[in-house]
Ligand code: URA
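Numbering (my numbering), first residue to last: 13 to 196.
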């Protein structure tokens, strides 16, 4: 574990801990307020994120930005990161070995940010952070507390692009988050 952002960010620069390094343009480390109370964890970079080096800047990210705007969440006030920092080919899910290889970076980010609440965006984030026994359909919208951090699983923004009804759930879940953050 690194105690400073500089050390952590330096440690990832030439990462070859898994095969995803082979096709990456940029490592997508994370973005936002490094002292945020609220953190969002997605799955992994897509094509746009790989090109720009920033999480959630493509189609799904734009939809998430619209939800943020509607709810008064400022992107620069929260911290946003992913389970894996390099793009899986053809946007497939990260494989087990890739997620395991990358997770210590994310754990270190969580330790440095010290968020009160973490929103888990989709099944990959949920299972890798809280355990394989959790399913997104049953877990979304329900608080789970572990080691002093409150987790709110919700749909991945890409799922909202495919199914409009999930947008309502997503907004509902983020409203729960906003209500709680003012209480803790
Ligand atoms: N999907 C993710 O899970 N993360 C991103 O950064 C972009 C799309």
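Where a beta carbon is used, it is the ideal one built from N, C-alpha and C, also for glycine.
Given residue i, which residues of its chain have a CB within under 6 Å of its CB, disregarding the five upstream and five downstream residues?
| i | result |
| --- | --- |
| residue 51 | 91, 125, 127, 130 |
| residue 105 | 136 |
| residue 172 | 75, 178, 179, 182 |
For residue i, is the classification buried or exposed, using 16 other Cβ atoms within 10 angstroms of its Cβ as the cut-off for buried?
| i | result |
| --- | --- |
| residue 16 | exposed |
| residue 121 | buried |
| residue 175 | exposed |
| residue 55 | buried |
| residue 83 | exposed |
Thinking just about the alpha-carbon of each residue, which of the options is nearest to the one in residue i?
| i | options | result |
| --- | --- | --- |
| residue 191 | 164, 169, 174, 173 | 164 |
| residue 37 | 19, 30, 59 | 59 |
| residue 196 | 118, 160, 87, 21 | 160 |
| residue 71 | 21, 23, 103, 152 | 103 |
| residue 85 | 115, 19, 45 | 45 |
Using only the heavy atoms of the ligand URA, determine whether one of them is closer than 7 Å to the beta carbon of residue i.
| i | result |
| --- | --- |
| residue 94 | yes |
| residue 61 | yes |
| residue 113 | no |
| residue 55 | yes |
| residue 52 | no |
| residue 68 | yes |
| residue 171 | no |
- Message: Three or more C-beta pairs under 8 Å: does that hold for the segment 71-81 against the segment 15-34?
- Response: Touching, no, given that fewer than three Cβ pairs across the two stretches are closer than 8 Å.
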